[in-house]
Amino acid sequence: MRYEKRAERVKIRAVKALTPPAILVASPVLLIAGSPIRRCYFRYIYHDGAPLLLDKQRAHVSAHYFVVTHPLLDWLCRPTEALARLIGRRR
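Residue 21 in our numbering sits at position 4 of the sequence shown, with consecutive numbering throughout.
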């Protein structure tokens with residue numbers, strides 16, 4: 018995607034740069050309760066009437082896109098998701 022305004026490019030770079038430190042700061046919480054927090058976050062992002070994360074027609078990228086697709090978030094939420102699946106199978 019091509020962004021015409023310099024301010025838009027700077028915002029995207031800032032979000033890309035600040036996402037890993039923000040995830041690392043939240044890592045103790047994500048390791049303990051990552052699965053419910055992640056599900057709630059996804060519900061918030063994908064609620065009815067919400068703008069798309071990637072809208073190529075309008076050349077818009079949401080800051081949530083960088084958070085959702087970051088592998089560190091997936092890695093930190095994996096233990097609680099596995100635990101939730103294990104508990105779900107035993108019911």
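Built from N, CA and C at the ideal position, the CB exists for glycine as well.
> Cα-Cα, which of F83, V27 and Q74 is closest to F59?
Replying inline: F83
> How do the stretch 19–34 and the stretch 60–72 stand: do at least 3 beta-carbon pairs fall below 8 Å, yes or no?
Replying inline: no
> Are there 16 or more other CB atoms within 10 angstroms of the CB of G51, so buried, or fewer, so exposed?
Replying inline: buried
> What do you reckon, are the CB atoms on C94 and L47 nearer than 7 Å?
Replying inline: yes
> Mind checking V42: buried by the 16 CB within 10 Å criterion, or exposed?
Replying inline: exposed
> Which same chain residues, not among the five before or five after I40, have their C-beta less than 8 Å away from its C-beta?
Replying inline: L47, V84, H87, L89, L90 and L93
> Roughly how many angstroms separate the alpha carbons of K22 and H81, rounded to a whole number?
Replying inline: 20 Å
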